[in-house]
């Protein structure tokens, strides 16, 4: 049985500064916390079926029709309900990428084909990906920017993939959960193509944009009404709690907060990349709110010992031991990460040298 391990495991590694989960470095907006507190009055009541006010707020935020929106208990639930609704026989995903795509596909008995993103090509999606598309495919999953690498997909190339998928009757699912932290999100989103391409489904989440991982709220957008109806049929009733609905509506009003978080990510990502390189890490050109790099194989353990939790990416398909991902946090927190790595690796090097010395003397 495959074991799926994610970031944010603060319950196992207590009292650690968490760089393994990629959320807005500003933390959850106070208005969202207040909305959750206010909603507790309705804890005794069932959530509103169809969550019309939340869908309306999302639709206004995204500039789409409410009928094009579906919500889930996090974006991950939507991945599973998509697969349950479509029942694909064959699907294609590049690797490494978010593990839930394959988990959801295999749970439906789907055969999954992989396209390996190669380190020597910067883990970027190559033009040759088009050649992997064929008429036997039912679904293709793409993550833009990709998780865990943070590498984006060229917009014109995405258009090409979308067109070929439509010609071959393939559903293209594009995960845009980390798009908000890119320099120009509007340049990369495929939202404007939804009316022309009914084979397109976009995934979004409140988790990263508003630091709401514990609330569990995500949404999808498509103009394929048959697909939305099928997803609704396989989704459990009351899947969006009273608290999540209130939190989502409040969060969507926080436009200044989102921009402030984006600007902080720009500044701090530059700092982290430079400092990690000074420590001898091989840093890849991530464009998201996290940094992907290669370092010592025992770096995860070194950091935990120093009170810092990073994401060991060795369990991602297509990666091996020594690949890591760290979230971009506040400057003070990022300084603590660098200190922990510097002190920890120095301490480990000294200890290793002592072991070698003792072995020579034996």
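In this note's numbering, the protein residues as written are 46 to 407. Idealized CB from N, CA, C, for every residue including glycine. None of the values given here were measured: they were computed from a predicted structure.
Scanning 96, 101 and 321 for the CA closest to the CA of residue 117 turns up 96.
Contact check for residue 389 against residue 348 passes: the beta carbons are separated by less than 8 Å.
Fully contained in the stretch 202 to 278 are the following alpha helix (DSSP H) runs of length 4 or more, in chain order: 251 to 254. In this structure residue 213 does not touch residue 133 by the C-beta definition: roughly 13 Å separates them, more than the 8 Å allowed. The Cβ atoms of residue 222 and residue 301 lie no closer than 8 Å to each other. Excluding its 5 nearest sequence neighbours in each direction, residue 76 has C-beta neighbours in its own chain below 8 Å: 295, 296, 298 and 299, listed in chain order.
Looking at the backbone, the Cα of residue 62 and that of residue 98 are separated by about 36 Å. Residue 63 is bridged by DSSP to 354.
Distance between residue 269 and residue 163, taken at the CA atoms: about 34 Å. Beta-bridge annotation (DSSP): residue 287 is not paired with any residue.
With respect to the 8 Å criterion, residue 275 and residue 130 are classified as neighbours on the basis of their beta carbons. The stretch 140 to 187 is shown to contain whole alpha helix (DSSP H) runs of 4 or more residues at 145 to 152, in chain order. When secondary structure is reduced to three states using DSSP, residue 138 falls in the strand class. The Cβ atoms of residue 194 and residue 329 sit closer than 8 Å to each other. Spanning the alpha carbons of residue 66 and residue 79 requires a straight line of approximately 23 Å. For the 8 Å CB-CB criterion, residue 70 and residue 353 do not form a contact. Excluding residues up to 5 positions away in sequence, 196 lie with their Cβ nearer than 6 Å to the Cβ of residue 169 in the same chain. Judged by their CB atoms, residue 219 and residue 247 are nearer to each other than the 8 Å cut-off. Taking 8 Å as the cut-off, the Cβ atoms of residue 307 and residue 226 count as close.
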